[in-house]
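Q: One structure, as structure tokens, below. Some questions next.
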Amino acid sequence: MLIVISATFFMVHAAPGGPFDDERVASPEILQQLNDTYNLNDPLLSQLGNYLLNAIQGDFGPSYKYPGRSVSELIFSGLPITMELALYSILFALFLGILSGILASLNPGKLLDHLPMSVSMIGICVPSIILGPMLILTFGIWFEILPVSGWGEFPGDKVLPTITLGSAYAAIFARLTRGGMLEILAQDFIRTARAKGLNETRVVLYHALRGGIMPTVGFLGPAIAGLFAGSFVVETIFQINGIGRYYVQAAFNRDYTLILGISILITFFTLTFVLLSDILATYLNPRLREKGSMN
Amino acid sequence: MKIFIIPIFILSIFISCSSQDSLDVESANELGILLLDNGTEPQGLDPHIVTGVTEHKIVIALFEGLTMQNPRGEGVIPAAAESWQISDDGLQIVFNIRPDAKWSNGDPLIAQDFVYSWRRILTPALGSRYPDMLYAVKNAEQFNKSEIKDFDLVGVKAIDSKTLKVTLKTKTPFFLKQLAHYATYPVHPGTIEDFGGISNRDSRWTRPENIISNGPFILDEWSINKVIKVKRNNNYWGKADLKLNGIHFFPIDNESTSDRYYRSGKTHNLYTIQTEKIAKYKEEYPDQFKLEKYFGTYYYRINTEIEPLNEINVRKALSLSIDRELIVDKVTKGGQRPAYSFTPPSEDYYNPPTQLDFNPELARKYLADAGYPNGEGFPEFELLYNTNEGHQKIAQAIQQFWLKELGIKITLTNVDWKVYLDRESQGQYQISRAGWIGDYVDPNSFLDMMVTDRGNNKTGWSNKQYDSYVTKATFANNEAERLKNFSKAEEILMDELPIIPIYTYTRVYMLRNEVKGWYPNMLDTHPYQFISLED
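Taken in sequence, the protein lines are chains A and B. No gaps in the numbering here: position 259 of the first sequence is 259 in our numbering, and each next residue is one more. With the second sequence counted from 1, adding 1000 to any position gets you our numbering.
The following block contains the structure:
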């Protein structure tokens, strides 16, 4: 985490232009004053040291672009929206991905396998920056059935961002589920279950799926972290006021503290979710569990 | 079967409605609340810190200066000051502050508040962007640049609680117009002192729970990126004439969202009409469609310190080969007008006599005179602009003009805003795109910029005669003489062309018919004291 902060810190300071450059040029005296106020004239290393010291205490500093607003305040105004978007997207991705993964694994080599798998290949390949505008064009402009931007402002405006952000992950989940399921379905205990005369739905959804979604669960952590990163693009396309938009704007404005604050948050989420998904995978998988308890 | 909970959940998102307490225009009309699309989220609401149009529109609802922009014309009218007397030499102005002018907490508005406020904006440590709005005041610039430390030397004194005496450095005919600018507005000294004192720019005094202001409205709610609500200030001196009960400002920085808000009756205005919809709206809603002059110029800035752009003939050739009519008709298409002067002309006030022709024949002659017949041997150079589709289209058009008419090749370079500003101020450019909106309607707000070594000149251009005309205008004895000097300066500028004007800005927007008292003017300022909602 320290590495990420330091790297971000030096990168934002290396970019040309500063937070106080404006079309209407301020006199050199004023710029000097502004830089003094925010300690931007100090050597970079001492700036970094000060920043880290404050950040550990939970103070991410003031925003340069919005005087009188602290970075924490800005982040907390946007975070709930980004989290909501990420949550809907992951649920959408899980539902669509697992469902089509199961369908495909039950019909290997048939149309119901090839169709979802080819669609998912497209889903992985088309980035959200293209998928978003395509969906806007189709559902928003041609058919005029869904709003093309906003979040919680017009009925149904949460649909397209959710699909745009979730699709790529739905596609990955579908492929992972299919692979996992095929492996499990070929195993002895499934044959036993079927031999016992259990109905197929119960075999698939109860016995096989528990093992079959393991790869998906394992990938959940990186996926959620990735969703946060992906939400930057989606929030910009759909004009959603989450932290992703702040991040992009902060980069354009050279709002150093805001960029750093959000970077720290994203790093924190990535590490946390990867850890959580590892724990969840251990819990779900009896084999991993036993290995752990034997040690 | 848990998996089936998920689709139900997703379905519920898909049909979930917004739970916003937003008003529609019909109910807002009855409540007397104006719903304004205000572009983007303001940087802040401290009149001494903020810059920008969005901020301006909210600040003038909350605060009031000595004078205010006349909504029906280009001059100013009394605001917090009910009258003023100017000495014969024009150097001293005595303002009489309204006896009934008060702060929103009931404190009287006194002359000392202005002295305090002007000290605040001129205090170097505050780092205000607009201290120069008061540079006309004696010693104000010296104080702001830390050359003098004693504020008593600055030309602003409270004679008694309702009389303010201002001493100017030189006669400044546009000073009263500058006083309508928010940078000169008063702030409540007690509140500023409670929140970190005069030089603290990061304080929370402008939050709804803390703010004390003297304008027609007070801040009621500030939800970042959602809405800013203001309501009637019952301590405002002019409350009897106030027709609105409140204003909601919506930060909507996406044009298509803006459009949807307006069409679904969530706002009274549409801040900017998307270019492709201008023609349609103009025809379908002629009574709501507004196309008004705006006090701004779009131009190309030339680095006059490098070869071959340091030659006047080259710059003339570049200007003469641009068909401005074609650019506004076919490229920008927003009702802009071709610019033939730096200062945007206003028929009834200042109409510079300059003309910039489209004459490729003559352009080629000038280029040949400069030693580059048919563009031969002319070095390839770069046109710098900040990344934006509109700037790109214009740049491409001009690239074609120069290639076709002069045989000059240029490359287009787009960079992000801060890189663009950085390169411009360091002089690391050859030609760059620029725009300027005047802060007050006076040629000085444009022409002063091109005086030798001014921070915003950025071209390296210097002309002694030009400088002297601008200075003479300042000292002129009457308005006609003043404008004549500005015209002379403008002629020199358009002859030497360190900048090439392209078009004059316009404001193209929609306004619902029930909004009355909203008059067109070049600063696009619409004081809310005059606005009412009627059917």
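Cβ coordinates follow ideal geometry from the N, Cα and C atoms, glycine included. Quantities reported herein were computed from a predicted structural model and do not represent experimental measurements.
May I ask which residues mark the beginning and end of the beta strand (DSSP E) holding Tyr1299 of chain B?
A: Taken as a continuous stretch (DSSP letters only), the beta strand (DSSP E) holding Tyr1299 of chain B covers 1289-1302.
Q: Counting only runs of 3+ residues fully inside the stretch 1064-1094 of chain B, write out the beta strand (DSSP E) ranges in chain order.
A: Segments of the beta strand (DSSP E) lying fully in the stretch 1064-1094 of chain B: 1067-1069, 1076-1078, 1081-1086.
Q: According to DSSP, is Ile1502 of chain B helix, strand or coil?
A: strand
Q: Going by beta carbon distance, what residues of the same chain come within less than 6 Å of Ser1213 of chain B, once the five residues before and after it are set aside?
A: Cβ neighbours of Ser1213 of chain B within its own chain (closer than 6 Å, five residues either side excluded): Leu1062, Phe1063, Ser1104.
Q: For a contact defined as C-beta to C-beta under 9 Å, what are the partners of Ala104 of chain A on chain B?
A: Here the premise fails: no neighbours, minimum Cβ distance about 16 Å.
Q: Helix, strand or coil: how does DSSP classify Ala1363 of chain B here?
A: In this structure, Ala1363 of chain B counts as helix in the three-state DSSP scheme.
Q: Quick one: give me the first and last residue of the beta strand (DSSP E) that Asp1547 of chain B is part of.
A: The structure shown has nothing for residue 1547 of chain B, since chain B only spans 1001 to 1535.
Q: Pick from A:Phe10, A:Leu103, A:Ser120: whose alpha carbon is nearest that of Leu112 of chain A?
A: Residue A:Leu103 holds the alpha-carbon nearest to the alpha-carbon of Leu112 of chain A among A:Phe10, A:Leu103, A:Ser120.
Q: Where do the ends of the beta strand (DSSP E) carrying Thr1167 of chain B lie?
A: 1163-1167
Q: When the cut-off is 8 Å and only beta carbons count, does Gly1039 of chain B lie next to chain A?
A: no
Q: Who pairs with Ala1489 of chain B in a beta bridge, going by DSSP?
A: DSSP output for Ala1489 of chain B lists no bridge partner at all.
Q: From the DSSP secondary-structure annotation, give me the bridge partner or partners of Val1515 of chain B.
A: B:Leu1533
Q: When you compare each of B:Ile1431, B:Leu1406, B:Leu1384 to Thr1413 of chain B by their alpha carbons, which one comes out closest?
A: B:Leu1384
Q: Taking 6 Å as the limit between beta carbons, can you name the residues of its chain near Glu1424 of chain B, skipping five residues before and five after?
A: Ser1432, Lys1458
Q: Less than 7 Å between C-beta atoms, sequence neighbours within five positions excluded: which residues of the same chain meet that for Leu276 of chain A?
A: Gly221
Q: Nearest to Pro1189 of chain B by CA position, among B:Asn1225, B:Asp1107, B:Pro1124, B:Phe1175, is which residue?
A: B:Asp1107
Q: Would the stretch 1513-1533 of chain B count as touching the stretch 1292-1305 of chain B if we require 3 or more Cβ pairs under 8 Å?
A: Touching, yes, given that three or more Cβ pairs across the two stretches are closer than 8 Å.
Q: Nearest-angstrom Cα distance between Ser293 of chain A and Asp255 of chain A?
A: Any reading at Ser293 of chain A must be qualified, since the residue scores a pLDDT of 48, below 50, and its modelled position is unreliable; the value itself is stated next. Between Ser293 of chain A and Asp255 of chain A, the C-alpha separation is close to 49 Å.
Q: Could you run through the stretch 240-254 of chain A and flag, in chain order, every residue whose CB is less than 8 Å away from some CB of chain B?
A: Answer in chain order: Asn241, Phe252, Asn253, Arg254.
Q: Which residues of chain A have a Cβ atom closer than 8 Å to the Cβ of Thr1163 of chain B, listed in chain order?
A: Here the premise fails: no neighbours, minimum Cβ distance about 31 Å.
Q: Considering only C-alpha positions, which residue in the set B:His1248, B:Gly1246, B:Tyr1281 is nearest to Arg1263 of chain B?
A: With distances taken between Cα atoms, Arg1263 of chain B lies closest to B:Tyr1281.
Q: Keeping to the same chain, check which residues put their C-beta closer than 6 Å to that of Leu1035 of chain B; ignore five residues upstream and five downstream.
A: Ala1028, His1248, Thr1267, His1268
Q: Distance, Cα to Cα, Phe1174 of chain B vs His1056 of chain B?
A: 19 Å
Q: Within the continuous beta strand (DSSP E) that includes Gly1246 of chain B, where are the two ends?
A: Here the beta strand (DSSP E) through Gly1246 of chain B covers 1246-1250.
Q: Can you tell me whether DSSP reads Ala55 of chain A as helix, strand or coil?
A: helix
Q: Along the stretch 1098-1126 of chain B, what residues have a CB closer than 7 Å to any CB found in chain C?
A: Among the protein chains in the structure shown, which are A and B, there is no chain C.
Q: Is there contact here, the stretch 266-283 of chain A with the stretch 155-173 of chain A, by at least three beta-carbon pairs under 8 Å?
A: Counting Cβ pairs under 8 Å, fewer than three are found: no touch.
Q: Tell me, please, whether the CB atom of Val148 of chain A is closer than 8 Å to any CB atom in chain B?
A: yes
Q: Inspect the beta-carbon positions of Ala1079 of chain B and Asn1096 of chain B and report whether they are closer than 8 Å.
A: In this structure, the beta-carbon distance from Ala1079 of chain B to Asn1096 of chain B does not fall below 8 Å.
Q: On the three-state DSSP scale, how would you describe Trp1037 of chain B?
A: Before going on, a small fix: residue 1037 of chain B reads as Asp here, not Trp. Strand, per DSSP.
Q: With 8 Å as the threshold, decide whether the Cβ of Ala26 of chain A is near any Cβ in chain B.
A: Yes, Ala26 of chain A counts as interfacial toward chain B.
Q: Would you mind stating whether Gly244 of chain A and Met181 of chain A have Cβ atoms separated by less than 8 Å?
A: No, they are not a contact pair.
Q: For a test of the three-state rule: what should DSSP assign to Ser70 of chain A, helix, strand or coil?
A: strand
Q: Identify which residue in B:Met1494, B:Thr1167, B:Gly1090, B:Leu1153 has its Cα closest to the Cα of Ser1536 of chain B.
A: No answer is possible for residue 1536 of chain B: the residues shown for chain B start at 1001 and end at 1535.
Q: Anything in chain A within Cβ reach of Gly1044 of chain B, meaning under 7 Å, just list it in chain order.
A: Tyr66, Pro67, Gly68
Q: Nearest to Val1415 of chain B by CA position, among B:Glu1405, B:Ile1408, B:Lys1404, B:Gln1428, is which residue?
A: B:Gln1428
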